[in-house]
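For reference, the structure is listed below as structure tokens.
Protein chains in written order, with our numbering: chain B, -9 to 307; chain D, 104 to 659; chain G, 148 to 333; chain L, 19 to 298.
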């Protein structure tokens, strides 16, 4: 199997089976570009130089103002080339859209401003782990606004839409890491909404999957792992760790056991139960004076992670 | 430029009368004027201002991207700034740019008419434009919107920035655009001077006609789209809102049904100006008059069939994608014809490099690049990779800025003597043209590269390890060169207004009707309506003692 | 043609053509009849053809109004062309979005994208869910039955009909109704 | 475009003839923009209908086709009379005040009022029954959630466990007579019972999803059309004033004609709108 190639002047590395096909078309069009650009520029510049007006009353030396032959030529030659490019492009597009039979399915959820990937065994992770040399099909949906899943090295991209499913598929060539971008503008942290595709060899993948891709690493305390999740799940965008600092949401400093009032005037005490609910179903209780802007993390945070987060929060005082 | 060879057979009077500028005094006489020339001038200065505003926003965007992380502003501010840049440049500068400013001034003159068909409607359209502009500025002071100029739902229906006000402003501006277009269509149909048949119309008029058709046919759809968006926010009608069972992709169909043809509202007038400049400054009949005239109309019609190429990865059906991609390649052809015909027109001409030509020739080069790179985006397979990256950004800036804006400034330099009866400093004009050309390329060529390497657009930030920084830096430096060129132009044009030497009636030796009347023209344009006996580009030929017989022979 | 010619050439049609009264009245009668026809024909069900038949009749009526009441027939040809051009673009506006939404699932179909499948799924979900909570739900019809459609959390598990309303465009996850906890107030 | 009603043709035209035909071309272009404006809503109609056939079938049956038909007849009649008004102007001799034009225009405007009256009846019925757009729709989960939230707030969440909620509420309210909790309870119960009634009144509509989409589009289309009716009325009113002054005669009747054209367009749109919403 081919290996990930180095990046060319125009294109990033070719890390998927489809990447080469895309680049071939790209190079073909690029050649056409060079040819036509040179023709036009040379013609123009040459004429300007040759027929430059020397004296003020110099007149044109030809009234050559139409030629069916020439005009016909530069209607049909470009048209022909365009049709070639069109057919080539469309065939390629079908390859990009239709995943091979028996591709591995991973369901993807996008939301402001995080990705989560759910495997058939139910585990949910925030970086994408895929096996090399095996077609992978992502079935994607969004929880809020439009997002777009883009891996330059794989040359794949598709918008992620609420209330509908879209898919992309790719077959990574070799183990390695590649960048995932969001390419549909989605607000404040649009440009921060990037993750990594971690391509593993078939064996590693199986092994890692069995013990959970993002389970707590051995020897790491739950609290420490919770701190990692705090930035990984991008809680950090809305919740500060400094005492009383207000971002979009309230600060986490001393949150455990905090007392206060909700929007509809009920008193609350932020015990484990309350915090768990606020993460899974944030709209149930909104702290007075804060916007209803937190997305639900139900289905994204499993119990271990939840415990870790709580453990981490308890250390914040 | 000797008068003798200009327009034989026309009755030409050189006795000076009070021109339209001094016809009446006082601010009110301008604000309430129905004179198409004065309205054109007022548009011109407003549009200079909006261009400056949009440009400032662009500079801020470039400056922010100079380094990764926060350079001068935070993400919220950045999102508002690039949104405002888009909105101002599209709705306030480039769409009204050539039609409303240059078109208003020149079109009736070119037709040998006393005014446009509906002068009061014309004035109304200007006032509406001002109102729309004020609303847009108000929204900006009110915090600004962060949706991007495309207003995609559901983001635009959920963000808590003053979207409604901004949408209303775009809605209002739409009316101004419709009225201008409507006015021009009727004017071109009904107000042509005796003998001025369709085949004797200057190609600028053909281009304006095509533009007007698009303005009238497409803009109402923008109107209803924005109304529906407002309804989403006010009443919560869920047509575009997935949370209510609506379809967000449908909004994109609605939006691009207008906004793709709008791209041609932007470029067609530029092409029109090009045809005038190329012929005048090579003193030669245009190559393939019919081909260019017809291709303008063809572009106007086909432009309504291709909007889906903005949506190849939007979750639109692959078959729709196929159809749109195919039609997109069809629309490439008419533009190709124009390009090659212009450069063929230069063949054996008598080419002067006066400043207007120094804006026209860059147009030829830059628009070629813009057009050619469009092929990547029209082809489905490559567009998947390039969509919503800086490659797209570079592409449409080459078409819009490198194309339309260049033609706009070329047109201004070309008709400036006619508008104000003053000359500008030729030397500095050439310097500025060259600087802008260089600065433009330094700014946008790197964006092609980082785009195809995967840098997404509308990004506030990029990681240092991604290797995009060097391109961003080159690009930012280029934007400063661009700025310098523009500033120089501002200075010498201003000084020409104050103390420019008097320009004669027809400084370039052009052949179309607007050069028949004095500079600046009298209030009613012509002492007597001219009777047209030949085509617009009948330049005398070396060795031949009579100009050949009008357009009838050309292109047939 | 110069505009001199252009307006002389149709002197005779503009203004000087007066449609006889009988035509106006005839057209009016025709319109009334056609209206009755539309309503009458709507009682029969021709399936998919319903819309087309209705549109056909409507188009006849519309053309009567346009050609006679609006004088398109005897007016300058240009006005007719203008209007026709407008209709052409309207048809384009219909054509492409329809092409899109009707062919979305052809390539690599995903279930739940076509509304039909959507509803079957939800109805099934409602049944399961009814079994589970039959007792509490006995007086709670509007929840059991409000077929509110959202993307299921995962195409594997059949989501019960969600009752947590969407908040600010964020479709809530489907959660089964506990009769004991009414929907939280938002 | 008031420059075109200046009786003596404006300076920049060759003659009144050219001016009139320009004005009419301008008007037709304007009508085209109106058509395209509405086409957007019709496209939305088609797409939403195609995406939700079941919902559409159920929801569209809730409109009153009788009122719709009557309105159609009213509009067609007004269209006819305005056409006659134009004709009357065409045949009118210079200077003479023509009762016919005035009469016909007045009748047309009366028809317009009639149309709006009937629309008002339809609207108020829809509003009362909560057949509305978006979350205002009577059975939209968010709407339902609010009602039940209010109920559980006033009566306590437990209320939903008892077999007969309505009865439980009654007793609770009876108990609460005079206390300050009473008002809230009463309001909550009213909303709740009203909603229950609606659910039983429109069973299928309550069960099928996204019913609000149909009514959203219904109100948008008819609303925008209604606005155009009002605009058309004001235009005709303005023409009427001119006619009363006897301004219009066989060589100058452009305002009557253009006003008529606009009114016909309003009719034209309704001719399509009526079967699409009320019948199919």
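All C-beta atoms in this analysis are idealised placements derived from N, C-alpha and C, irrespective of residue type, glycine included.
Could you say if the stretch 180 to 198 of chain D and the stretch 225 to 242 of chain D meet the contact criterion of at least three C-beta pairs nearer than 8 Å?
Because the criterion of three Cβ pairs below 8 Å is met, the stretch 180 to 198 of chain D and the stretch 225 to 242 of chain D touch.
Mind checking which residues open and close the beta strand (DSSP E) that includes residue 127 of chain B?
As a working mapping, residue 127 of chain B is identified with position 137 in the first chain. Residue 127 of chain B -> beta strand (DSSP E) spans 126 to 132.
So which residues of chain D does residue 164 of chain L contact, with C-beta pairs closer than 7 Å?
Numbered from its first residue, the fourth chain carries residue 164 of chain L at position 146. Those within 7 Å of residue 164 of chain L in chain D number zero; the least Cβ separation is about 13 Å.
Consider the Cβ of residue 210 of chain L: report whether some Cβ of chain D lies at a distance smaller than 8 Å.
Along the fourth chain, read from residue 1 onward, the residue named residue 210 of chain L stands at position 192. Not closer than 8 Å to any Cβ of chain D, the Cβ of residue 210 of chain L fails to qualify, so no.
For residue 449 of chain D, name the three-state secondary structure that DSSP assigns.
Position 346 of the second chain, counting from 1, holds the residue named residue 449 of chain D. DSSP places residue 449 of chain D in coil when its eight states are reduced to three.
Would you mind giving the Cβ-Cβ distance between residue 98 of chain B and residue 139 of chain B, rounded to the nearest angstrom? I have them listed as a contact below 8 Å.
Walking along the first chain from the start, residue 98 of chain B turns up at place 108. Walking along the first chain from the start, residue 139 of chain B turns up at place 149. That pair is a contact at about 7 Å.
Looking only at DSSP bridge pairs, what is residue 121 of chain B linked to?
Locating residue 121 of chain B in the first chain gives position 131, counting from the first residue. Bridge partners of residue 121 of chain B: B:190.
How is residue 185 of chain B classed by DSSP in three states: helix, strand or coil?
Here residue 185 of chain B refers to the residue found at position 195 of the first chain. Looking at residue 185 of chain B - three-state DSSP - the assignment turns out to be strand.
My assumption, with CB atoms under 8 Å, is that residue 91 of chain L sits in contact with residue 182 of chain G. Please give the rounded CB distance.
The sequence position of residue 91 of chain L within the fourth chain is 73, counting from 1. The sequence position of residue 182 of chain G within the third chain is 35, counting from 1. So it is a contact: roughly 6 Å between Cβ atoms.
Between the stretch 478 to 510 of chain D and chain B, which residues of the former have a C-beta closer than 9 Å to a C-beta of the latter?
Residues passing the 9 Å Cβ filter: 478, 479, 481, 482, 483, 484, 485, 486, 487, 488, 489, 490, 491, 492.
I think residue 338 of chain B touches residue 122 of chain B, with their Cβ atoms under 8 Å apart; what is that distance to the nearest whole Å?
Outside the shown range of chain B (-9 to 307) lies residue 338 of chain B, about which nothing can therefore be said.
Taking a cut of 8 Å between CB atoms, which residues from the stretch 169 to 197 of chain D lie near chain B?
From the stretch 169 to 197 of chain D, only 178, 179, 182 have a Cβ closer than 8 Å to chain B.
DSSP on residue 173 of chain D, reduced to helix/strand/coil?
Residue mapping note: residue 173 of chain D aligns to position 70 of the second chain, counting from 1. If DSSP states are grouped into helix, strand and coil, residue 173 of chain D belongs with coil.
Under 7 Å, CB to CB, which of the residues in the stretch 274 to 290 of chain L have a partner in chain G?
Residues 279, 282, 285, 286, 289, 290.
For the stretch 569 to 630 of chain D, which segments carrying the alpha helix (DSSP H) assignment without a break, of at least 4 residues, lie completely within its bounds, in sequence order?
For the stretch 569 to 630 of chain D, whole alpha helix (DSSP H) runs of length 4 or above, ordered along the chain, are 572 to 602.
Quick one: does residue 165 of chain G have its CB under 8 Å from some CB of chain L?
The residue you call residue 165 of chain G lines up with position 18 of the third chain. Yes, contact with chain L.
Does any CB atom of chain D fall closer than 8 Å to the CB of residue 253 of chain L?
Looking up residue 253 of chain L in the fourth chain gives position 235. No, its Cβ sits nowhere closer than 8 Å to a Cβ of chain D.
Over the uninterrupted beta strand (DSSP E) stretch that includes residue 95 of chain B, give me the two end residues.
Position 105 of the first chain, counted from the start, is the residue given in the question as residue 95 of chain B. 94 to 101 is the span of the beta strand (DSSP E), which, as asked, contains residue 95 of chain B.
Taking its Cβ as the centre, do 16 or more other Cβ atoms sit within 10 Å of residue 455 of chain D, making it buried, or is it exposed?
Along the second chain, one-based indexing puts residue 455 of chain D at 352. Classification for residue 455 of chain D: buried.
Please go through the same chain and pick out, in chain order, the residues whose beta-carbon is closer than 7 Å to the beta-carbon of residue 252 of chain B, but skip the five residues on each side of it.
Counting from one through the first chain, the residue named residue 252 of chain B turns up at place 262. Around residue 252 of chain B: 258, 275, 276, 277, 278.
With 16 other CB atoms within 10 Å as the buried threshold, where does residue 238 of chain G fall?
The count along the third chain starts at 1 and reaches residue 238 of chain G at position 91. It counts as exposed.
For the ligand SAM, any of its heavy atoms closer than 7 Å to the Cβ of residue 591 of chain D?
Here there are no bound small molecules, and the ligand SAM is not part of this structure.
Please state the DSSP three-state secondary structure of residue 222 of chain G.
Taking the third chain and counting its residues from 1, the one referred to as residue 222 of chain G is at position 75. Three-state DSSP puts residue 222 of chain G in coil, outside helix and strand.
Which residues of chain G have a Cβ atom closer than 9 Å to the Cβ of residue 68 of chain L, listed in chain order?
As a working note, residue 68 of chain L is residue 50 in the fourth chain. Per Cβ cutoff of 9 Å: 245, 248, 249, 262.
Does DSSP put residue 297 of chain D in a helix, a strand or coil?
Here residue 297 of chain D refers to the residue found at position 194 when the second chain is read from its first residue. DSSP places residue 297 of chain D in coil when its eight states are reduced to three.
Just confirm the distance between the C-beta atoms of residue 237 of chain L and residue 74 of chain L, as a whole number of angstroms; I'd bet it's less than 8 Å.
Working through the fourth chain from its first residue, we reach residue 237 of chain L at position 219. Working through the fourth chain from its first residue, we reach residue 74 of chain L at position 56. Their Cβ separation, rounded to whole angstroms, is 15 Å, which puts residue 237 of chain L and residue 74 of chain L out of contact at 8 Å.
On the three-state DSSP scale, how would you describe residue 225 of chain L?
Here residue 225 of chain L refers to the residue found at position 207 of the fourth chain. Note: residue 225 of chain L maps to helix in three-state DSSP.
Residues in the stretch 184 to 195 of chain G with C-beta within 7 Å of chain L's C-beta atoms, listed in sequence order?
Of all residues in the stretch 184 to 195 of chain G, 185, 186, 189 have a Cβ within less than 7 Å of some Cβ in chain L.
Using a C-beta to C-beta distance shorter than 8 Å, which residues of chain G count as neighbours of residue 419 of chain D?
Position 316 of the second chain, counting from 1, holds the residue named residue 419 of chain D. What residue 419 of chain D touches in chain G: 247, 251.
Determine the DSSP secondary structure at residue 220 of chain L, reduced to helix, strand or coil.
Stepping through the fourth chain from its first residue, residue 220 of chain L is reached at position 202. In this structure, residue 220 of chain L counts as coil in the three-state DSSP scheme.
Does the distance from the CB of residue 372 of chain D to the CB of residue 439 of chain D come in under 8 Å?
In the second chain, residue 372 of chain D corresponds to position 269, counting from 1. In the second chain, residue 439 of chain D corresponds to position 336, counting from 1. Against a cut-off of 8 Å, the Cβ pair of residue 439 of chain D and residue 372 of chain D comes out as no contact.
Could you give the DSSP three-state label for residue 239 of chain B: helix, strand or coil?
The sequence position of residue 239 of chain B within the first chain is 249, counting from 1. Looking at residue 239 of chain B - three-state DSSP - the assignment turns out to be coil, as it is neither helix nor strand.
Check for me: the alpha helix (DSSP H) holding residue 11 of chain B runs from which residue to which?
Taking the first chain and counting its residues from 1, the one referred to as residue 11 of chain B is at position 21. From DSSP, the alpha helix (DSSP H) with residue 11 of chain B extends over 7 to 40.
Quick one: Cα of residue 281 of chain L to Cα of residue 247 of chain L, how far?
Looking up residue 281 of chain L in the fourth chain gives position 263. Looking up residue 247 of chain L in the fourth chain gives position 229. Cα to Cα, residue 281 of chain L sits roughly 8 Å from residue 247 of chain L.
Alpha carbon to alpha carbon, how far is residue 410 of chain D from residue 390 of chain D? Give it in angstroms, no decimals.
Your numbering for residue 390 of chain D matches position 287 in the second chain. Your numbering for residue 410 of chain D matches position 307 in the second chain. Cα-Cα distance, rounded: 31 Å.
Output the distance between the C-alpha atoms of residue 293 of chain B and residue 135 of chain B, rounded to the nearest integer angstrom.
Indexing the first chain from 1 puts residue 293 of chain B at position 303. Indexing the first chain from 1 puts residue 135 of chain B at position 145. Roughly 27 Å between the two C-alpha positions.
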